[in-house]
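*Asks:* I'd like to ask some things about the structure below.
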Ligand code: ATP
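In our numbering, the protein residues as written are 151 to 381.
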């Protein structure tokens with residue numbers, strides 16, 4: 151069983167995540183990819199994020215109909231901050247090969263992750279980059295204290311002394327981000343085609359990311375409008 155683990159905040163999951171995962175699944179002949187929403191993402195502790203239940207629900211709706219894609223609530227069920235090393239060590243031994251999917255932007259900050267050195271000896275990494283990627287290449291992409299345990303097999307493959315590999319994988323990186331989607335939804339703009347239709351419906355129905363509209367004297371326009379409709 152070859153399994154991909156794709157961790158993230160997924161607030162919300164979007165077509166960029168899904169397309170990237172689909173390409174990695176095919177290229178690495180993975181039997182399954184688990185999307186793992188982080189309950190308390192360590193890097194977003196100072197940001198307001200949606201409830202884990204909503205993020206899990208949206209991920210579930212997004213993967214419906216793709217037999218290779220599943221959602222895991224492993225980090226939702228664990229108390230405290232969601233560290234990837236805890237997730238990887240928890241599933242170790244359950245599957246044959248575990249590939250940890252990560253975007254180039256997240257990888258470039260890997261030295262800020264909890265026990266980041268250990269990650270490289272517990273899982274194979276697939277670092278998803280834009281075709282013709284710039285900025286991230288060669289052994290220099292690893293933090294110095296990881297670099298010394300890595301050797302370059304070829305331009306895109308690196309081997310750790312543990313035998314685990316890190317692959318630099320060009321994929322179609324759609325210019326979509328959850329930040330952009332939250333902003334659109336907050337302004338009442340369309341998010342159609344940025345997220346799967348079921349996720350769009352969920353966001354609209356639940357009123358996720360809707361900003362409180364205020365007028366120039368600071369009155370809450372939504373509550374005023376709400377009252378008008380009701381009366
Ligand atoms: P935000 O805009 O809120 O920071 P995001 O869109 O980057 O969110 P995350 O849930 O933070 O989404 O990202 C999870 C993982 O998906 C990270 O490894 C990130 O690099 C990767 N990722 C994000 N957007 C894309 C995209 N458009 N294509 C491929 N990978 C992506």
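Heads up, the beta-carbon is just placed ideally off N, CA and C, and yes, glycines get one too. Quantities reported herein were computed from a predicted structural model and do not represent experimental measurements.
Kindly indicate which residue of 216, 274, 190 has the alpha-carbon position closest to the one of residue 223.
*Replies:* Here residue 223 is taken as the residue at index 73 of the chain shown, counted from 1. Cα-wise, what sits closest to residue 223 is 190.
*Asks:* Which same chain residues end up closer than 8 angstroms to residue 340 when comparing Cβ atoms and leaving out the 5 residues on each side of it in sequence?
*Replies:* Here residue 340 is taken as the residue at index 190 of the chain shown, counted from 1. Closer than 8 angstroms at Cβ, skipping near neighbours: 334.
*Asks:* Taking only heavy atoms of the ligand ATP into account, decide whether any of them is closer than 7 angstroms to the Cβ of residue 258.
*Replies:* In the chain shown, residue 258 corresponds to position 108, counting from 1. No, the beta carbon of residue 258 sits no closer than 7 angstroms to any heavy atom of the ligand ATP.
*Asks:* Cα separation between residue 371 and residue 357?
*Replies:* As a working note, residue 371 is residue 221 in the chain shown. As a working note, residue 357 is residue 207 in the chain shown. With a pLDDT of only 41 at residue 371, under 50, the local geometry of the prediction cannot be trusted, and the value read off the model is given with reservation. If you take the alpha carbons of residue 371 and residue 357, they lie about 15 angstroms apart.
*Asks:* Residue 169 by DSSP, collapsed to three states: which one?
*Replies:* Indexing the chain shown from 1 puts residue 169 at position 19. It is helical.
*Asks:* Any C-beta of chain C sitting closer than 8 angstroms to the C-beta of residue 225?
*Replies:* Protein chains in the displayed structure number just one, and chain C is not present.
*Asks:* With distances taken between CB atoms, is the gap from residue 167 to residue 157 smaller than 8 angstroms?
*Replies:* Residue numbering aside, residue 167 sits at position 17 when the chain shown is read from its first letter. Residue numbering aside, residue 157 sits at position 7 when the chain shown is read from its first letter. No; because the gap between Cβ atoms is not below 8 angstroms, this pair is not in contact.
*Asks:* Determine the extent of the alpha helix (DSSP H) in which residue 316 is found, giving its start and end residues.
*Replies:* Residue 316 sits at position 166 when you count from the first residue of the chain shown. Segment 315 to 320 is the beta strand (DSSP E) holding residue 316; no alpha helix (DSSP H) there.
*Asks:* Rounding to the nearest angstrom, what Cα-Cα distance links residue 373 and residue 332 in this structure?
*Replies:* The residue given as residue 373 occupies position 223 in the chain shown. The residue given as residue 332 occupies position 182 in the chain shown. Interpretation of residue 373 is limited by its pLDDT of 38, a score under 50 that renders its predicted location unreliable; no figure is taken from the coordinates.
*Asks:* Any chance the CB of residue 264 is under 7 angstroms from a heavy atom of the ligand ATP?
*Replies:* Start at 1 with the first residue of the chain shown, and residue 264 comes out as number 114. Residue 264: no, Cβ never under 7 angstroms from the ligand ATP.
*Asks:* At what residues does the beta strand (DSSP E) containing residue 302 begin and finish?
*Replies:* Within the chain shown, numbered from 1, the residue matching residue 302 stands at position 152. Residue 302 -> beta strand (DSSP E) spans 300 to 304.
*Asks:* Smallest Cα separation from residue 414: which of 277, 327, 178?
*Replies:* Lying outside 151 to 381, the shown extent of the chain, residue 414 is not represented and no answer is given.
*Asks:* Can you tell me the Cβ-Cβ gap for residue 242 and residue 272, rounded? I've got them flagged as a contact below 8 angstroms.
*Replies:* Counting from 1 along the chain shown, the entry for residue 242 is found at position 92. Counting from 1 along the chain shown, the entry for residue 272 is found at position 122. Yes, they are in contact, since the Cβ atoms of residue 242 and residue 272 sit about 6 angstroms apart, within 8 angstroms.
*Asks:* Can you tell me where the alpha helix (DSSP H) holding residue 267 begins and where it ends?
*Replies:* The sequence position of residue 267 within the chain shown is 117, counting from 1. 266 to 272 is the extent of the alpha helix (DSSP H) around residue 267.
*Asks:* Would you grab the beta carbon distance between residue 115 and residue 208 for me? Rounded to a whole angstrom, and I think it's under 8 angstroms.
*Replies:* Summary: the structure shown does not reach residue 115, with the chain confined to residues 151 through 381, and so no result is reported for it.
*Asks:* Pick out whichever of 193, 292, 301, 165 has its Cα sitting closest to the Cα of residue 311.
*Replies:* Here residue 311 refers to the residue found at position 161 of the chain shown. Checking every option, the nearest Cα to that of residue 311 belongs to 301.
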